[in-house]
Amino acid sequence: MSLIDVLSVLAATIRLATPLILATLGGLFSERAGVIALGLEGMMLASAFAAACIATVTGSPWLGLAAGMLVSMIVSLIHGFASVTQRGDQVVSGMALNILVAGLCPTLGLAWFHLGGQTPALGPDQRFMPITLPGAESLAEVPVLGPVWTILIGGHNLIVYLAMLLLPLSAWLLYRTSFGLRLRAVGENPHAVDAAGLSVAGLRYGALALSGILVGLAGADLSIAEGAGFGRDMTAGRGYVALAALIFGKWRPAPAVAACLLFAFCDALQVRLQGVALPVVGIVPVQMVEALPYLLTVALLAGFVGTARAPSAIGVPFVKTR
Amino acid sequence: MQRDLPPLVDYGLIPLLNLLLAFLVGAIVLGLIGVSPLDALGTLFQGAFGSLDGAGYTLYYATTFIFTGLAVAIPYQAGLFNIGGEGQAMLGGLGVTLVCQSLGGVSLWLVLPLAILAAMVGGAAWAAVPAILQVKRGSHIVITTIMFNFLASAVMTYLLIDRLRAPGDPSPETAAFPASTALPYAHEWAAKLGIAMEESPLNLSFLVALVLAVLVWLFIRRSLWGYEIRATGYNPSAATYAAIPVGRVTVLAVCLGGACAGLVGINEVMGVLHRLVLGFTGGAGIVGIAVALMGRNHPFGIVLAAILFGALYQGGAELAFDYPQVTRDIIVVMDGLVILFCGALENMLRVPVTRAWQRWRLTSAIRRPA
Chain D
76 MSLIDVLSVL AATIRLATPL ILATLGGLFS ERAGVIALGL EGMMLASAFA
126 AACIATVTGS PWLGLAAGML VSMIVSLIHG FASVTQRGDQ VVSGMALNIL
176 VAGLCPTLGL AWFHLGGQTP ALGPDQRFMP ITLPGAESLA EVPVLGPVWT
226 ILIGGHNLIV YLAMLLLPLS AWLLYRTSFG LRLRAVGENP HAVDAAGLSV
276 AGLRYGALAL SGILVGLAGA DLSIAEGAGF GRDMTAGRGY VALAALIFGK
326 WRPAPAVAAC LLFAFCDALQ VRLQGVALPV VGIVPVQMVE ALPYLLTVAL
376 LAGFVGTARA PSAIGVPFVK TR
Chain V
63 MQRDLPPLVD YGLIPLLNLL LAFLVGAIVL GLIGVSPLDA LGTLFQGAFG
113 SLDGAGYTLY YATTFIFTGL AVAIPYQAGL FNIGGEGQAM LGGLGVTLVC
163 QSLGGVSLWL VLPLAILAAM VGGAAWAAVP AILQVKRGSH IVITTIMFNF
213 LASAVMTYLL IDRLRAPGDP SPETAAFPAS TALPYAHEWA AKLGIAMEES
263 PLNLSFLVAL VLAVLVWLFI RRSLWGYEIR ATGYNPSAAT YAAIPVGRVT
313 VLAVCLGGAC AGLVGINEVM GVLHRLVLGF TGGAGIVGIA VALMGRNHPF
363 GIVLAAILFG ALYQGGAELA FDYPQVTRDI IVVMDGLVIL FCGALENMLR
413 VPVTRAWQRW RLTSAIRRPA
């Protein structure tokens, strides 16, 4: 493998990790506030659909992005209504929304665009295109630095860079602000938060709205930045993988994002491995290679989570004691 | 225990009202895509029950949904949410295939029990891994069963393309099974009894599903293991204190659920397709979640809910015939809405209904002083 090969696998890792990272950070706020984030898949898919629709109709990726974040937030708040206000089963609510969105997007897409549930392919000015960093051309001839600058660091779309910024920002919000402190407290001991005179429901809704915005970015990345249009089931289980990364990262931002990068690396590698003869085993069937990320999810959940401690009040509806 | 509501209201009226809400939202979605909800309801009802073959299709779909509904309901009694019905059904179909392919020419009454066994073993084996991982390693069973659905579909694609595909066949499916392994259709039996019934895929599996529902009810309500499963579901720490082996009971409940899901193979593969076809499950595992929640995880409730969803499926196919903008996805929308309203938002109507019931009882007690 040459340097270019290695760099392109790493660059693919960054691109594939972006929706996972954004969804994981979204899930982080929801779960640290005590609401199970099983609806990530549905939120992401809804956002991808809304972003593609609005970008197609208006021609503006910015409006598409806004629509994606808004719709994802609405789905998140419905989850909040079921789990916070109605004290319903949060796992059931999350799955219900995932299934609802999986059916709703192709249904509406078919009725609006008549393309079998897809949205029309987006042109370059309707989506977020890869950004060429300044100096890329003059550095192109420099041996190592050139390819690193153009392939690995440059050449990604806007949302990729946004995700990199949002990791430290989320960590700061969660650990260094009073909002973050309250948010973590409401996931550990809502009664204490209630006794301090703060609204448990208000904080949880706030966390879910924030979660919706972040996951909305993830969906928009899939349909109007990395991809050019919405296709049915285009999230392909990424919401669940993001949730697994969150659990594997023990509900802390940096380790969870590291887990996302690991998943994405595995995904980038599987594309490379297809049809390549490996030592010892020979050519691995393509279906087995494609199943690698899912297998890794199970293995990581099974192998290393033993000592993780979830937020104490996760999944437990808050009932004010009288 | 003093009930707030009589059972008829609790198990009849509230699910019905929740279902009504789900249909109301479904009607709004239909309106959004330019289909008149009332016309659609007419087409749906006419398609599902309007003719004997329509009813046959309804019950044929219901058969599959009884299996996948029970696959969710049994683990739910132990407090676990099994999303893996889809993958477990695929492996069940594989088990059926292996039995049917190797036992051509043998009497059907010998093949059927073996095929049922193979289907249950296939489904249970695929459910066992997530269950054991949940008990031993604490990995979230919802995520692992979803991953196992993806893995099952990868395994089936590999097997059907590279291993089991009939030579020279371009599509990913096995060769047809020996004719002696085909289950009798309902219209064949009806013809023997002198009743003219149009052809439909309804077959013997429907009876298997009904018997299974009764057996599951007996198991959950009347057996020691069923008691242990329910105790674990109500309160795992109390169950541990009562010397119930919670881990073993958990694995048992999930594996039994997987075994029920595996039986989908009997209806689809052995009953209708007579060969293993890629994607023969067609999202039945997801419908099973809605069916179980609507039937309040009670086997008899599940049979009723499965018939309702069978009607939706069959009527939905008619709807797709009449309206180009309607596809099977509208059924997925209804699945989601039913799970949302009958599952997650179950309490939404309970409070006002309980209040109204108590007020009604109070006023009627005042009017008729004892």
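So the protein lines, in turn, are chains D and V.
The numbering used here numbers the first residue of the first sequence as 76 and each following residue consecutively.
The numbering used here numbers the first residue of the second sequence as 63 and each following residue consecutively.
Beta carbons are placed, not taken as given, at the ideal position from N, Cα and C, and that holds for glycine.
Check: Residue 235 of chain V - partner residues in DSSP beta bridges; Outcome: V:339
Check: Boundaries (first-last residue) of the alpha helix (DSSP H) holding residue 259 of chain D; Outcome: 253 to 263
Check: Cβ-Cβ distance between residue 128 of chain V and residue 387 of chain V below 9 Å; Outcome: no
Check: Sequence ranges, beta strand (DSSP E) only - wholly within the region 316 to 386 of chain D, length at least 3; Outcome: none
Check: Per-residue contacts from residue 164 of chain D into chain V (C-beta, under 7 Å); Outcome: 405, 406
Check: Selection of the region 78 to 98 of chain V by Cβ proximity to chain D, strictly under 8 Å; Outcome: 91, 94, 95, 96
Check: Segment limits, alpha helix (DSSP H) that includes residue 421 of chain V; Outcome: 408 to 429
Check: Beta carbon proximity, residue 372 of chain D to chain V, threshold 9 Å; Outcome: yes
Check: Secondary structure of residue 385 of chain V, DSSP reduced to three states; Outcome: coil
Check: Residue environment, residue 120 of chain D, which counts as buried when at least 16 other CB atoms sit within 10 Å; Outcome: buried
Check: Chain V contacts made by the region 298 to 328 of chain D, where a contact means CB separation under 7 Å; Outcome: 312, 315, 318, 319, 322
Check: Stretch pair the region 397 to 405 of chain V + the region 161 to 168 of chain D: three plus CB contacts closer than 8 Å; Outcome: yes
Check: Straight-line Cα distance separating residue 426 of chain V from residue 64 of chain V; Outcome: Because residue 64 of chain V carries a pLDDT of 46, less than 50, the predicted location of this residue cannot be relied on, and the following value inherits that uncertainty. Using only the alpha carbons, I get a separation of about 20 Å.
Check: Segment contact flag, the region 65 to 77 of chain V with the region 339 to 349 of chain V, C-beta cutoff 8 Å, min 3 pairs; Outcome: no
Check: Assigned secondary structure, residue 297 of chain V (DSSP; H/G/I helix, E/B strand, else coil); Outcome: coil
Check: Beta-carbon gap between residue 435 of chain V and residue 268 of chain V smaller than 9 Å; Outcome: This structure does not reach residue 435 of chain V, given that chain V is present from 63 up to 432, and the question cannot be answered.
Check: Which listed residue (D:181, D:363, D:387) has its alpha carbon closest to that of residue 217 of chain V; Outcome: D:363
Check: Cutoff 9 Å: residue 115 of chain V Cβ touching any chain D Cβ; Outcome: no
Check: Residue 365 of chain V and residue 137 of chain V closer than 9 Å at C-beta; Outcome: no
Check: Short CB-CB distance (under 9 Å) between residue 181 of chain D and chain V; Outcome: yes
Check: Helix, strand or coil at residue 80 of chain V according to DSSP, with G and I counted as helix; Outcome: helix
Check: For residue 144 of chain V, the three-state DSSP class (helix, strand or coil); Outcome: coil
Check: At least three beta-carbon pairs within less than 8 Å, the region 199 to 215 of chain V to the region 305 to 324 of chain D; Outcome: yes
Check: Cutoff 9 Å: residue 174 of chain D Cβ touching any chain C Cβ; Outcome: Here the protein chains are D and V, and chain C is not one of them.
Check: Residue 373 of chain D vs residue 262 of chain V beta-carbon contact at 9 Å; Outcome: no
Check: Distance CB(residue 266 of chain V)-CB(residue 245 of chain V) smaller than 9 Å; Outcome: yes
Check: Spatial distance of residue 221 of chain D from residue 212 of chain D (CA atoms); Outcome: 9 Å
Check: Residue 123 of chain D versus residue 102 of chain V: straight-line alpha-carbon distance, rounded; Outcome: 29 Å
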